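There are 2 protein chains.
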Amino acid sequence: MKNIRQRLIALLKTGFCAPKIGAMASRIKEPAATIHYNVKKLESDGAIKTYKAVFDYKQVEMGFCTFVLINLSPTEYSNPEKIANELATFQEIESVDVITGDWEIIAKIRTKDIEEYYAFTKRVLSRPGVVKIRSLNSLKQVKTEFISL
Amino acid sequence: MKNIRQRLIALLKTGFCAPKIGAMASRIKEPAATIHYNVKKLESDGAIKTYKAVFDYKQVEMGFCTFVLINLSPTEYSNPEKIANELATFQEIESVDVITGDWEIIAKIRTKDIEEYYAFTKRVLSRPGVVKIRSLNSLKQVKTEFISL
DNA sequence: CGTAAAATTTGAATATTCTTCAATCAAACT
DNA sequence: AGTTTGATTGAAGAATATTCAAATTTTACG
């Protein structure tokens with residue numbers, strides 16, 4: 000057993016998928032060549048970033064989900080995207096947004112369990128520029144990535 | 000011109016994609032039949048929910064992104080999932096979670112612009128059981144669905 | 001341990017689906 | 001109206017996925 004499963008999950012999480020031209024063609028009752036043309040156009044316009052899989056994250060070691068609100072130090076206010084971009088590099092982070100209101104950044108984080116989450120906060124969230132964080136822990140994931148669970 | 004584009008976006012947002020067996024096979028240097036077997040296993044285990052496209056949402060009329068924190072009335076505390084499930088039915092809602100802390104639910108919402116968002120709040124978020132909401136507006140989307148933008 | 005059953009891996013044949021292309025049609029602009 | 005650009009289409013060809021039976025590995029259990 001070569002543990003191919005874990006490597007496939009890593010690949011499918013962000014890519015290695017393709018549109019089903021024929022299935023869409025029959026769904027909307029247009030010729031496949033027409034669908035093909037329109038999909039290629041979406042791609043070349045840059046409107047489509049990637050094709051990927053959505054998982055039942057509990058089954059693939061990413062079942063613990065937390066939203067983290069982050070306050071930056073005043074020195075970072077001129078460029079909140081710097082820290083946002085740093086956070087975005089971690090594969091545990093599903094999303095990062097710079098936001099309005101009492102907090103500067105919101106990040107959505109997926110780990111296996113609370114222990115891994117604790118390790119992640121120590122490793123990643125404790126960094127210069129981050130002065131305060133608040134964790135909102137997901138008790139129940141009802142919908143993710145537009146997919147109801 | 001049949002405006003096929005919009006219909007394709009709607010389909011690709013939640014499905015109508017498939018894994019690229021051959022590309023993954025060469026990437027991790029294993030036979031295509033092996034990759035095929037493992038992917039089908041992930042699917043039959045229910046670990047994979049769907050294959051879908053991720054968009055540059057600004058280009059597809061979903062550029063305005065808001066996180067909404069929701070307080071429920073005490074009568075809903077016994078079953079926060081009821082309202083969470085109701086919210087999940089709307090295609091504007093990317094994610095819904097029941098959470099710990101000062102708020103019961105967090106939802107991520109995508110609309111074309113602030114006007115559409117305002118209409119959405121009036122139409123959807125103003126409902127029995129929801130007693131208070133706070134909107135955190137995204138100023139800059141750095142990463143979504145594990146994809147850096 | 002040892003053995004049987006179950007699960008996984010694999011190459012090669014087959015089946016399915018995508019992609020291309022030249023022709024046609026529609027829209028936009030002078 | 002005429003010209004250019006963009007969109008649609010059927011059919012041929014190219015590429016990719018799927019199946020299957022055999023070999024191998026892992027797991028379960030006596």
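Chains as they are written, first to last, in numbering that gives the first Met the number 0: chain A, 0 to 148; chain B, 0 to 148.
Backbone N, C-alpha and C fix where the C-beta goes; we use that ideal spot for every residue, glycine too.
Note that this is a predicted model, so its numbers are computed, not measured.
Here DSSP, grouped into helix, strand and coil, assigns R126(A) to coil. The Cβ neighbour count for S137(A), taken over all protein chains shown within 10 Å, is at least 16; the residue is labelled buried. Distance from the CA of T33(A) to the CA of F15(A), rounded to the nearest whole angstrom, comes to 23 Å. Secondary-structure assignment with DSSP links D96(A) through a beta bridge to I105(A), Q140(B).
If you draw a 10 Å sphere on the C-beta of T99(A), you find fewer than 16 other C-beta atoms in it, and that means exposed. In this structure, the CA atom of L71(B) is about 8 Å from the CA atom of W102(B). In terms of CA proximity to L68(A), R133(A) leads the group L148(A), R133(A), K139(A), K28(A). At a cut-off of 8 Å, the C-beta of I108(A) has no neighbouring C-beta in chain B. The criterion of a C-beta distance shorter than 8 Å is satisfied by V97(A) and P79(A). Interface annotation, L71(A): not in contact with chain B, CB-CB separation never under 8 Å.
In the DSSP secondary-structure assignment, Y50(A) is bridged to A52(B). Contact note: L138(B) reaches chain A through V97, I98, T99, using a C-beta cutoff of 7 Å and chain order. Chain B has no Cβ within less than 8 Å of the Cβ of K81(A).
Between E91(B) and E93(A), the C-beta spacing is not below 8 Å.
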